[in-house]
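Trainee: To start, I am sharing the structure in question, which I have written as structure tokens.
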Amino acid sequence: MRTNTGQTIHLEDYRPTDFVLERVDLTFELDPKETKVEARLIFHRREGVSPAAPLVLDGDELRMTGLLLDQVEIPPTHFDATDDTLTIRGLPETAPFEITITTLLSPETNTKLMGLYRTNNVYCTQCEAEGFRRITYFPDRPDVLAVYTVNIIADKATTPLLLSNGNHLGGADMGDGRHFAAWFDPHPKPSYLFALVAGDLGVVEDTFTTASGRTVALRIYVEHGKEAGASYAMDALKRSMKWDEEVFGREYDLDIFMIVAVSDFNMGAMENKGLNVFNDKYVLADPETATDADYANIEAIIAHEYFHNWTGNRITCRDWFQLCLKEGLTVFRDHEFSADMRSRAVKRIAEVRHLKSEQFPEDAGPLAHPVRPTKYREINNFYTTTVYEKGSEVTRMIATILGRDLFKKGMDLYFDRHDGQAVTIEDFVACFEDASGRNLKQFSLWYHQAGTPLVTASGSYDADKQTFSLSLEQTVPPTPGQSTKEPMHIPLRLGLLLEDGSEAKAASVSGADITEDVIHLTKRKQTVLFSGIPSRPVPSLNRGFSAPINLHIEQSPGDRALIARHEIDLFARWQALNAIALDNLVAATTQARNGQPVVCDNALVAGLIAAAADDRLEPAFRSQALTLPSESDIAREIGSDNDPDAIHTGRQQILAGVAAAGRDTFNRLMDDMAAPGPFSPDATSAGRRALRNSALSFLVYGDKGPERAAEAFRAANNMTDLSIALTLLAHRFPDAKETAEALAHFKQRFADNALVIDKWFAIQATVPGPRTLDRVKTLMSDPLFNGNNPNRVRSLVGTFAFSNPTGFNRADGEGYRFLARQILDIDPRNPQLAARILTSMRSWRSLEKVRSDHARNALAEIAGAANLSADVSDIVDRMLE
Ligand code: PHE
Ligand code: ZN
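In UniProt numbering, the protein residues as written are 1 to 881.
What follows is the structure, encoded as structure tokens:
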């Protein structure tokens, strides 16, 4: 029994609207139960469109109480209103006309958090991708750009603040206990960028002077009493505005820029024109409650949303297939921003870890899709790590192929040529072709072919001829709907290291185009010959992760260790260490599964400890070097027939081996990296904390009892140290009384701060082992849990499913059955949230048989349920296909 399975939308069916929307005038009379919206829309028929063509508008769960054409009621014979469309016939042939639509909304009962809803007594909208149609009937698609005027009327006492996009025109008391405000946004925009916020909030104010000398008012709105927590976000905003002027030449274009933090939000944040709405998790921070990772996320997301003002808002998407046009590009921009604010190498390592742990599994499983998809059933399900993170990597490759200057020239051309338009990926790529004279046709396959390419490399050295030959072969694995693939243009940065660690300079290179240290792989098989190489070199491939590929190269731990010690590219050093670790962890898994003793590789131990102890390297990098691949990284490397318990056991043994061998180093680091002064969230101090906590983690792994971890918990004076100490206690000593005490203490101390309690949920949801499921169930009835709040659900249920491989993948299948029940419970309230959490099962086919059978059954149970949302049925159907 299925409803709402949704229609499949195809890219090739795109055509422009029959009617052009000229202007939008909206009046909201806000009320929690019954908000009245009057929308006045001025249209004209597009040239060449048949005079008989009706106007078809989108809608979703709307109650319409009035419909006028040029202020005259439209007779029922001239329109049809269904659940999702309003069709109006008999409209003027050429003259512009005005349609006035009145709808009634109930923000209070809107649990989907799309359209107009209430969160903590604040009215708030979310319109991307298709939420505006839940406010009024509208041509709700990104290629319909119009200028908006918005009037907001509300009770003055409970709703003193009335905000919308653009500039504030004015407002007044209405004398009846209500007041109003009017806003005008001069920049034509698609409906998905509309926003309205109204309520009673505190504010932090500042200003920014643009490069051309205009003063922009900056405001961040938060719950009363939380204003101090917004100062880091404000600082990040000002740095973002300056950076976009300096690096991309982009100035802000309104008199005011506002950010509002809300506590119920399906995603991270939203770039509405001039009025960004944020999940409060990505705004509020102080040392007592925010970790270093929280600070870094806030900086990145504030920047991301701000950068959308040009990449997304001024130039938007023609249709939702082009989502990566704004998201991939904007992620690339926020990555570059963070790299400039912090350590570039460390940032790149973090990006690649994230890409590999999130996007690679998506690309290797049933939900794989191209960066620019050609069909979808539910667009909400395409806000994926493929569109965002792989989309960013594709942009980065354009920059690598063209080089800095031509990339900049292409971006400038893009802004010049397409400002004010809704465009496609083809338009974007054409700007780089035109700016550089290069042909990017083959390169564009990155947008169209799903799947992570595999490059297999092998080298051979000819001492007599002093040549080194590197054979490279690329394959792109089949993905749903794409069984065969064309070879791609893969820009591979590389270096050849000689025995003493210096880099060989080849006298000549043949067999591939090469620019600086980039070889351009364009054929299925290619052999590149380097001449004038004095001794056997060790190739260091994919420096900086220049291409988002899997790379297989037979390389001894000794050769890898040479790279780890000597590469000038710090990222490549980390990559080499990581490869040694991964090989060892895969072997350890097999040993654990076969009941053999786990052998810890000496090259690994020596490499890790040498990196950790190397005071010439920045602490943040050394901490990354010490962070072993995760259990899911190991599962992905193994690829099939996975046993999460064996992976866990093997990895624990390796951790113990490193812990034992490195004890002296780790003890020294505990002292060396102690904070020299008061807490500061800056990147250098965060790096020291990271290294100290990496050392602490290894020491605790070597401990028999919880004393050291308990002491770290007591000594912590910031949330980074505190949450890590609590994690170590809970994960390493789950049954110790010190752990129970610390958990209770933490809960009591932060009971009134939901965002910190989310950490408390997440730490407990990730305790390894089969017993955690019961703990998660118990926590769901804790008074601090709230099944209607997306952050709470994600931190407990989501974290358990996504980040607890041994707990979630219990061999008896109870984890999957639990998740299935949760999905069916959440779906009717909030389908987007349900669908998102369900993607935690995307790698189910790579599990060993007993588990994958259980997983399939749980998915089938979801698929067979009545009244599934389009969101969940789309995901579950693709996962079972
Ligand atoms: N466009 C938002 C961003 O990436 C994400 C988002 C999508 C938010 C859909 C809400 C709904 O910045
Ligand atoms: Zn975005």
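For every residue, glycine included, the Cβ atom is placed at its ideal position computed from N, Cα and C.
Per DSSP, what kind of secondary structure is PRO557 in: helix, strand or coil?
Mentor: The answer is helix: DSSP assigns PRO557 an H, G or I state.
Trainee: In chain order, what residues of the same chain have a beta carbon less than 8 Å from the beta carbon of THR3, not counting five sequence neighbours either side?
Mentor: With a pLDDT of 42 at THR3, under the threshold of 50, the predicted position of this residue should be treated as unreliable, though the coordinate-derived value follows. The residues are ALA866, ASN867, LEU868.
Trainee: Going by Cα to Cα distance, which pick from ALA95, LEU86, ARG708, ILE135 is closest to LEU105?
Mentor: With distances taken between Cα atoms, LEU105 lies closest to ILE135.
Trainee: Secondary structure at GLY312, three-state DSSP: helix, strand or coil?
Mentor: Coil, per DSSP.
Trainee: Can you have a look at THR452 and say buried or exposed, based on whether 16 or more other CB atoms are within 10 angstroms of its CB?
Mentor: Result: buried.
Trainee: Per DSSP, what kind of secondary structure is ARG63 in: helix, strand or coil?
Mentor: If DSSP states are grouped into helix, strand and coil, ARG63 belongs with the strands.
Trainee: Going straight from the alpha carbon of residue 888 to that of TYR148, what length do you get?
Mentor: With the chain covering only 1 through 881, there is no way to say anything about residue 888.
Trainee: Any heavy atom of the ligand ZN within a distance shorter than 6 Å of the CB on residue 887?
Mentor: Any property of residue 887 remains undetermined from this structure, which presents the chain solely from 1 to 881.
Trainee: What three-state label does DSSP hand ILE398 in the structure shown?
Mentor: In this structure, ILE398 counts as helix in the three-state DSSP scheme.
Trainee: Using the beta-carbon count (16 or more within 10 Å), is HIS489 buried or exposed?
Mentor: By the neighbour-count rule (16 or more Cβ atoms within 10 Å), HIS489 is buried.
Trainee: Which word fits GLU711, buried or exposed, when buried means at least 16 other C-beta atoms lie within 10 angstroms of its C-beta?
Mentor: Per the 10 Å Cβ criterion, exposed.
Trainee: Between the segment 504-513 and the segment 386-393, are three or more C-beta pairs nearer than 8 Å?
Mentor: The answer is no - the segment 386-393 does not touch the segment 504-513, with fewer than three Cβ pairs under 8 Å.
Trainee: Residues in its own chain within less than 7 Å of ILE638 by CB, not counting five upstream and five downstream?
Mentor: Taken in chain order, the residues that qualify are VAL586, THR589.
Trainee: Tell me the DSSP bridge mates of THR527?
Mentor: Per DSSP, SER471.
Trainee: Quick one: residues in its chain with C-beta nearer than 7 Å to the C-beta of ARG23, no 5 flanking neighbours on either side, listed in chain order?
Mentor: Taken in chain order, the residues that qualify are ILE42, ALA146, VAL147.
Trainee: Is the Cβ-Cβ distance between VAL455 and ILE549 less than 7 Å?
Mentor: It is a contact, given that the beta carbons lie within the stated cut-off.
Trainee: If you pair each beta-carbon of the segment 209-225 with each one of the segment 256-269, do three or more pairs fall below 8 Å?
Mentor: Yes, since at least three Cβ pairs between the segment 209-225 and the segment 256-269 fall closer than 8 Å, the two stretches touch.
Trainee: Could you give the first and the last residue of the continuous beta strand (DSSP E) run that contains TRP183?
Mentor: First-last of the beta strand (DSSP E) with TRP183: 178-189.
Trainee: How would you write the range of the beta strand (DSSP E) that GLU22 sits in, first residue to last?
Mentor: Its beta strand (DSSP E) spans residues 19-29.
Trainee: Tell me whether LYS326 sits in a helix, a strand or coil according to DSSP, three-state version.
Mentor: DSSP places LYS326 in helix when its eight states are reduced to three.
Trainee: On the DSSP letters alone, give me the boundaries of the beta strand (DSSP E) that THR799 sits inside.
Mentor: Not the beta strand (DSSP E): THR799 falls in the alpha helix (DSSP H), residues 799-803.
Trainee: What is the rounded straight-line gap between the Cα of THR17 and the Cα of ALA801?
Mentor: About 42 Å.
Trainee: Closer than 6 Å to a non-hydrogen atom of the ligand PHE - does that hold for the CB of GLU128?
Mentor: Indeed, a heavy atom of the ligand PHE lies less than 6 Å from the Cβ.
Trainee: May I ask you to report which of helix, strand or coil DSSP gives ASN4?
Mentor: Note that ASN4 scores 47 on pLDDT, short of 50, meaning its location in the model is unreliable; the coordinates nonetheless yield the value given after this. Of the three classes helix, strand and coil, the one that applies to ASN4 here is coil, per DSSP.
Trainee: Tell me, please, which residues DSSP counts as bridged to CYS317.
Mentor: Note: CYS317 sits in a beta bridge opposite VAL423.
Trainee: Helix, strand or coil, according to DSSP, for ASP643 in the structure here?
Mentor: Residue state, collapsed to three classes: coil.
Trainee: With DSSP as the reference, label ARG377 as helix, strand or coil.
Mentor: The answer is coil: DSSP assigns ARG377 none of H, G, I, E or B.
Trainee: If we count Cβ pairs, one from each stretch, closer than 8 Å, do we get three or more for the segment 657-675 versus the segment 698-713?
Mentor: In short, these stretches touch, since the Cβ pair count reaches three.
Trainee: Mind listing, in chain order, the continuous alpha helix (DSSP H) runs of no fewer than 4 residues lying wholly within the segment 812-878?
Mentor: List check, alpha helix (DSSP H) in window: 814-826, 831-838, 849-863.
Trainee: Taking all protein chains shown into account, do 16 or more other C-beta atoms lie within 10 angstroms of the C-beta of MET234, making it buried, or fewer, making it exposed?
Mentor: Buried.
Trainee: Measuring only the C-alpha atoms, how far is TYR14 from THR424?
Mentor: Each residue's Cα considered, the two are about 12 Å apart.
Trainee: Any heavy atom of the ligand PHE closer than 6 Å to the beta-carbon of TYR383?
Mentor: Under cutoff, so the answer is yes.
Trainee: Enumerated in chain order, which unbroken segments of the beta strand (DSSP E) with a length of 3 residues or greater are wholly contained in the segment 93-131?
Mentor: Entirely contained in the segment 93-131, the beta strand (DSSP E) runs reaching 3 residues are, in chain order, 97-105, 115-119, 122-126.
Trainee: Do you know whose CA, among ASN642, VAL476, VAL277, lies nearest ALA368's CA?
Mentor: Checking every option, the nearest Cα to that of ALA368 belongs to VAL476.
Trainee: Taking Cβ to Cβ, would you say ILE88 is nearer than 7 Å to PRO54?
Mentor: In this structure, PRO54 lies closer than 7 Å to ILE88 by Cβ.
Trainee: For a test of your reading of the model: does the CB of MET670 fall under 6 Å from any non-hydrogen atom of the ligand PHE? Yes or no.
Mentor: For the ligand PHE, not one heavy atom lies less than 6 Å from the Cβ of MET670.
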